[in-house]
Amino acid sequence: MLKRAPTNAELEILRVLWQRGPSTVRHVHESVDHVKPVGYTTVLKLLQIMVEKGLVRRDASARSHVYAAVASQGATQRRLVRDLVRRVFGGSTLGLVLHALHSAPATAPELDQIRRLLDEKKGGRT
Numbered sequence: 465m466l467k468r469a470p471t472n473a474e475l476e477i478l479r480v481l482w483q484r485g486p487s488t489v490r491h492v493h494e495s496v497d498h499v500k501p502v503g504y505t506t507v508l509k510l511l512q513i514m515v516e517k518g519l520v521r522r523d524a525s526a527r528s529h530v531y532a533a534v535a536s537q538g539a540t541q542r543r544l545v546r547d548l549v550r551r552v553f554g555g556s557t558l559g560l561v562l563h564a565l566h567s568a569p570a571t572a573p574e575l576d577q578i579r580r581l582l583d584e585k586k587g588g589r590t
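Numbering (my numbering), first residue to last: 465 to 590.
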């Protein structure tokens, strides 16, 4: 279980680890640095903090330590959305969905996917 939610910078690192799999600090730094310039020591410090928070684990068996995400991307997203629904929308999933659709309009394919999901949730009835 995660001790605390990841910050935005930590989420960037987690995205790298989810995409690449277990990686050294150098590999994480190279990936993150392409998106937004950041120092190697900053990435190292963030990874050390993330180990303490339970977001990543470190394999120190090799000369270069290898870091891996503890939780999957999907599990982390579900946890963050549950927390957002609870804290910001008072537990209302409807509030979150309505706000999301008003804030960032969905494309036609996204709306089709949302409709299919809603149909599945109500047992396929239309």
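Beta carbons are placed, not taken as given, at the ideal position from N, Cα and C, and that holds for glycine.
Practice task
Flag this pair as yes or no: are the beta carbons of Val-534 and Leu-519 separated by less than 8 Å?
Solution key: yes
Problem - Own chain residues within Cβ distance below 7 Å of Pro-470, not counting five before or after - result: Leu-478 and Leu-519
Exercise for the section: Would you decide whether Val-545 is buried or exposed? Buried here means 16 or more other CB atoms lie within 10 Å of its CB. Expected result: exposed
Handout entry: Inter-residue spacing [alpha-carbon to alpha-carbon] between Pro-486 and Glu-494
Key = 14 Å
Problem - When Asp-576, Gln-577 and Val-496 are compared against Glu-474, the one with the closest alpha-carbon - result: Val-496
Exercise for the section: Please classify Val-549: does DSSP put it in a helix, a strand, or coil? Expected result: helix
Exercise for the section: Give the DSSP-derived three-state secondary structure of Ser-567 in the structure shown. Expected result: helix
Exercise for the section: Classify Val-489 as helix, strand or coil using the three-state DSSP reduction. Expected result: Helix.
Handout entry: DSSP state of Val-530 mapped onto helix, strand, coil
Key = It is a strand residue.
Handout entry: Rounded separation between Leu-565 and His-498 - CA only
Key = Spanning the two alpha carbons is a distance of roughly 31 Å.
Practice task
Would you kindly report the start and end of the unbroken beta strand (DSSP E) that includes Val-520?
Solution key: 520-523
Practice task
Spatial neighbours of Val-515 within its chain, please: CB distance less than 6 Å, with the 5 preceding and 5 following residues excluded, ordered by chain position.
Solution key: Arg-522
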